[in-house]
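Residue numbers (UniProt numbering), protein chains in the order written: chain A, 1 to 145; chain B, 1 to 145.
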DNA sequence: AGGAAATAGTTGCTATGCATACTAAATTCA
DNA sequence: TGAATTTAGTATGCATAGCAACTATTTCCT
């Protein structure tokens, strides 16, 4: 078996390529790919807590804190202590953050279309299902340790 | 379209999970996932240059240089200026690096088996083909910019 | 031959990912 | 009720990913 035959390596390299492309696409909006993920969640529902976002994105809370801090610096979001739970930090879009949505969402759709060009709906579904199986396998392997 | 519906996000999250798992598996060998990729290439062919490795792994030469430096510190490889091309740096396994192979390769095969459990040969081939299409699409999008 | 362009590496910067250790607030439960 | 536990965040350190700018060779081309 050769290095490039491991499926995890192929997935990794595809991901790197995608990330690199998305990074380039988002540069004009002054957003990094991960910062964009947070913004996308906020556009769906404003006022989410960092913890909520970390769970949704399956990310470490440390990273979410850092990214939220960056987004605050860029003035796309405002951070405020939670109303019910004083420990929580809620993220609220600023006007500037809201304006971004109008520009970024179409770009994301366009990008998604470019990536999936020539790939049928069935093929995409199959891809999603196989990735889901891999996810499940890894989760189960982790639990067994 | 929701955040989690973009295929690139699903690939990204699967990759993160896989990387996290591999990192854990390799910890006992004092290897990180990316350092392991370099070792795997050297086990296939000793004396590769950093540039060769960067191309094979589709990685930035900066990273390869740094990872090679780490591997040298851990005494798994030795670095030497290329014989023909004085600019190039070739990586050679040490005895310790060679010994690693006996332990790591079986672990990698075992891990790959765990990840692909319950996924048919056909399904895996389909996954590879779809990922290849995505790779191609991204490459072409990048060229058009 | 010799200057221009390409190539291989290195260093420094920013952003991420994840682990550990810590604080403070909320919840559980004896 | 009040101590123990859980939960949300923060700080720090290491490994990775990629960009930009730089040096040192090598190759190309006139």
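Heads up, the beta-carbon is just placed ideally off N, CA and C, and yes, glycines get one too.
Taking the alpha-carbon of residue 36 of chain B as reference, which of B:52, B:57 and B:47 has the nearest alpha-carbon? B:57
Can you name, in chain order, every residue of its own chain whose Cβ lies under 8 Å from the Cβ of residue 60 of chain A, other than the five neighbours on each side? 54
Give every residue of the same chain whose Cβ lies closer than 6 Å to the Cβ of residue 22 of chain B, excluding the five residues on either side of it in the sequence, and list them in chain order. 33
Output the boundary residues of the alpha helix (DSSP H) element that contains residue 66 of chain B. 61 to 73
What is the C-beta distance between residue 104 of chain B and residue 138 of chain A, in whole angstroms, given that I count them as a contact (C-beta under 8 Å)? Not quite, the Cβ-Cβ distance comes to about 19 Å (not below 8 Å), so this is no contact.
Residues near residue 74 of chain A by beta carbon distance below 7 Å, same chain, minus five either side: 30
Given residue 43 of chain B, which residues of its chain have a CB within under 6 Å of its CB, disregarding the five upstream and five downstream residues? 101
In the UniProt domain "HTH marR-type" (4 to 136) of chain B, which residue ranges form an unbroken alpha helix (DSSP H) of at least 4 residues, counting only runs that do not cross its ends? 7 to 26, 33 to 44, 50 to 57, 61 to 73 and 95 to 115
Name the residue from B:131, B:117 and B:125 whose alpha carbon lies nearest to the alpha carbon of residue 136 of chain A. B:117
Neighbour flag for residue 186 of chain A against chain B, beta carbons, 8 Å: Lying before the first or after the last residue shown, residue 186 of chain A is absent from chain A, which here runs from 1 to 145.
Chain-ordered neighbours of residue 188 of chain B on chain A, where CB pairs are closer than 7 Å: Because chain B is modelled from 1 through 145, residue 188 of chain B falls outside the range shown and cannot be assessed.
Run through chain B and tell me which residues come within less than 8 Å of residue 69 of chain A, C-beta to C-beta. None at all; the shortest Cβ gap to chain B is about 21 Å.
Measure from the alpha carbon of residue 41 of chain B to the alpha carbon of each residue in B:13, B:16, B:82 and B:97, then state which is nearest. B:97
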